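Visitor:
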């Protein structure tokens, strides 16, 4: 029996790795935060999962690519 294209794509994607990247701006009182990166989040220069990308106000959280989606 011939597999449908959807079924083949579903099979391929089921075995891939998945990671998330979430970017957001830090906002205080409806304005972009001018304060430095919060120390409570850890150093943005030393933490591989938290970075400020191109701006102190833009916080980026990144997970590593994982095979087991339940670990995300």
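In UniProt numbering, the protein residues as written are 1 to 72. Ideal Cβ placement from N, Cα and C applies to all residues, glycine included. Since we're looking at a predicted model, the values are computed, not measured.
Within 10 angstroms of its Cβ, does residue 63 collect 16 or more other Cβ (buried), or is it exposed?
Guide: Exposed, by the Cβ-count rule.
Visitor: Are residue 24 and residue 66 touching if we call contact CB-CB under 7 Å?
Guide: It is not a contact, given that the beta carbons lie outside the stated cut-off.
Visitor: Could you give the uninterrupted runs of the beta strand (DSSP E) lying entirely in the UniProt domain "Glutamate--cysteine ligase" (10 to 71), keeping only those of 3 residues or more?
Guide: Counting only runs of 3 or more, we get 21 to 25 and 58 to 62.
Visitor: Expressed to the nearest angstrom, what Euclidean distance is found between the alpha-carbon atoms of residue 71 and residue 7?
Guide: So the two alpha carbons sit approximately 25 Å from each other.
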